[in-house]
Amino acid sequence: MAMLTQAFRYAYEPFVFGKSRDKDNREVYAQAMKFFIIFTLLAFLAVMFYLDLLKFIIGRDYWAGLRVVPIVMAAEIFMGIYFNLSFWYKLIDETRWGAYFSLAGCTVLVLMNVLLIPRFSYMACAWAGFTGYGVAMLLSYFVGQKKYPIRYDLKAIGGYVLLAAVLYVAAEYVPIDNIWLRLAYRTVLLLVFVAYVVKKDLPLRHIPVVNRFFR
């Protein structure tokens, strides 16, 4: 997730400033946000659904700590959304807001670590990161809507988040002992998400090469 977010950052920042003079730039930013969330949710589901295989990359001694993975990945999504949102104060030359939001998120993160680590150990770190990034993200969104309003498609984004949450719960809380049956079941769930994306926002007829087979 961190690599995906970082790759997006390298590609997106030049794009934003290149588009800053276009009349329809805000619609483009809104679309970029939606597709960023779609693909990070897809990455989240893929990692969580195949964690039974991915965990062999690390030693068995660390498997107990894998319960932090969904929390940390969600925190990384928040960080990516925060980065997406951060361009409004750069475009209007009020970059001090970035310092305010970062300071607020960092304060929450540090306080939660100090107060909760003695009791909850490394789980506190995961939740602290999740909450800290969440605070910075929300502050940037609400202030940004006042200073540089962008009409994000919150209904569509909410639908994707809800679907991802439902599929994640369906994968985690349906007991299937056989690993191969479990992986097959989760693959079907992942394909449900992909099918929803294709139906709603990525029609196959609009994809180069693939569109030859779908009209």
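The working numbering puts the last residue of the sequence shown at 1530; the count rises by one with no breaks.
For each residue, glycine too, the CB sits at the ideal point set by N, CA and C.
- Inclusion of residue 1317 and residue 1391 in the CB contact set at 8 angstroms is warranted, their separation being smaller than that value.
- The C-alpha of residue 1348 lies about 22 angstroms from the C-alpha of residue 1507.
- Looking at the backbone, the Cα of residue 1420 and that of residue 1449 are separated by about 8 angstroms.
- One Cα belongs to residue 1342, the other to residue 1376, and the distance between them is close to 48 angstroms.
- With contacts defined by Cβ atoms closer than 8 angstroms, residue 1501 and residue 1364 form a contacting pair.
- About 14 angstroms separates the CB atoms of residue 1482 and residue 1366; that is not less than 8 angstroms, and the two are not in contact.
- Taken in chain order, the unbroken stretches of alpha helix (DSSP H) that lie wholly in the stretch 1436–1518 and span 4 residues or more are 1437–1462, 1469–1487, 1494–1515.
- Annotation: the continuous alpha helix (DSSP H) that includes residue 1386 extends over 1384–1400.
- CA-CA distance, residue 1440 to residue 1456, rounds to 24 angstroms.
- Around the beta carbon of residue 1475, 16 or more other beta carbons sit within 10 angstroms, so the residue counts as buried.
- Scanning 1451, 1438, 1386, 1432 for the CA closest to the CA of residue 1417 turns up 1451.
- Rounded to whole angstroms, the Cβ separation of residue 1459 and residue 1400 is 6 angstroms, and the two are in contact under 8 angstroms.
- Exposed is the label assigned to residue 1473, since fewer than 16 other Cβ atoms lie within 10 Å of its Cβ.
- Shortest Cα-Cα distance from residue 1396 to any of 1511, 1346, 1488, 1382 involves 1346.
- With respect to the 8 angstroms criterion, residue 1469 and residue 1511 are not classified as neighbours on the basis of their beta carbons.
- When DSSP states are grouped into helix, strand and coil, residue 1410 belongs to the coil group.
- Within the same chain, 1439 come within 6 angstroms of residue 1431 by CB-CB distance, once the 5 residues on both sides are set aside.
- The beta carbon of residue 1352 sits closer than 6 angstroms to those of 1472, all from its chain and outside the five residues before and after it, given in chain order.
- In the three-state scheme derived from DSSP, where H, G and I count as helix and E and B as strand, residue 1353 is classed as helix.
- Note on residue 1374: under 16 other CB atoms within 10 angstroms of its CB, so exposed under the neighbour-count rule.
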